[in-house]
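Comments concern the structure below.
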Amino acid sequence: MFTGIVEELGEVVAREGELLTLRGHVVTGDAKHGDSIAVNGVCLTVVGVESDTFTVEVMKETFDRSSLGSVAPGEKVNLERAVTAATRLGGHIVQGHVDGVGVIDSKAPGGGWEDVRITLPSGLDRYIVEKGSITVDGISLTVVAVDETGFTVSLIPTTLELTTLGHKGVGALVNLEVDVIAKYVEKLVKRA
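According to the UniProt record's numbering, the sequence shown is numbered sequentially starting from 1.
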């Protein structure tokens, strides 16, 4: 489980088949084999650690269903270690299970912030509510507005500087994870 509070902006070092090697001096500080690290919001298992890099194995399913299928060496990625019992839950409950891939539709600067509109894959709009939580590339964000085709979030300068969303342009792919509580409620209501 994660919080959606990105710990550092890392970098893809190598991609060889199902192996990704990433650089992140913060997340590798205490990382060991078997740990979970979210990479752009995708929960991945560490299979090797060396100095300030770590390696993860990525299944074909994960490459196919997330934006990780298009990552290349040199690309920036959001990194977050899994929560512990002593961790503050500063964002919201994030599983690291991508529900779909969205596309940055527009970016509009505001008075010290930036509004970003993201298009949604079909069917995800039912889980997103105004002022509710959503995870974009592993970043816990508050939804400003939502409709059937997309949603808008407002990003503060810190988020723009310290995460991938400040570096990605219009047309970029982003991993989306909707609120897990909404999915459970839907399933329970359907059964009732």
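Just so you know, even glycine gets a beta-carbon here, dropped at the ideal spot from N, CA and C.
The structure presented is a predicted model; accordingly, all values stated were derived computationally and were not measured.
Around the beta-carbon of ARG117, 16 or more other beta-carbon atoms lie within 10 Å, marking it buried. In the DSSP annotation of this structure, ASP64 is not part of any beta strand (DSSP E); the continuous alpha helix (DSSP H) holding it starts and ends at 60–65. For THR53, the three-state secondary structure derived from DSSP is strand.
Taking VAL39 as the centre and dropping the five residues before and after it, the same chain places the C-beta of GLY10, LEU20, LEU22, VAL56, LEU68, VAL77, ASN78, LEU79 and GLY138 closer than 8 angstroms to its C-beta, in chain order. With respect to THR3, ILE134 sits apart: the two C-beta atoms are not nearer than 9 angstroms. When C-beta atoms of the stretch 141–160 are compared with those of the stretch 107–123, three or more pairs fall below 8 angstroms, so the two segments count as touching. For GLU11, the pairing in a beta bridge is given by DSSP as ARG23 and LYS76.
Residue environment analysis places VAL178 among the buried positions, since at least 16 neighbouring C-beta atoms fall within 10 angstroms of its C-beta. Note that the C-beta distance between GLY91 and VAL42 is not below 9 angstroms.
For VAL12 against PRO109, the beta-carbon gap comes to about 28 angstroms, at or over 8 angstroms, which does not count as contact.
In this structure, the alpha-carbon of LEU188 lies about 23 angstroms from that of LYS131. For HIS33, same chain residues with a beta-carbon under 8 angstroms away, outside a window of 5 residues either side, are VAL46, VAL47, GLY48 and VAL49 in chain order. The Cβ atoms of SER36 and ALA86 do not sit closer than 9 angstroms to each other. Apart from sequence neighbours up to five positions away, the residues of its chain that approach LEU173 with a beta-carbon distance below 7 angstroms are SER67, SER70, VAL101 and VAL103, ordered along the chain. Judged by DSSP in its simplified three-state form, THR119 adopts strand.
In this structure, SER106 is the residue among GLY111, TYR184 and SER106 with its C-alpha nearest to the C-alpha of VAL170.
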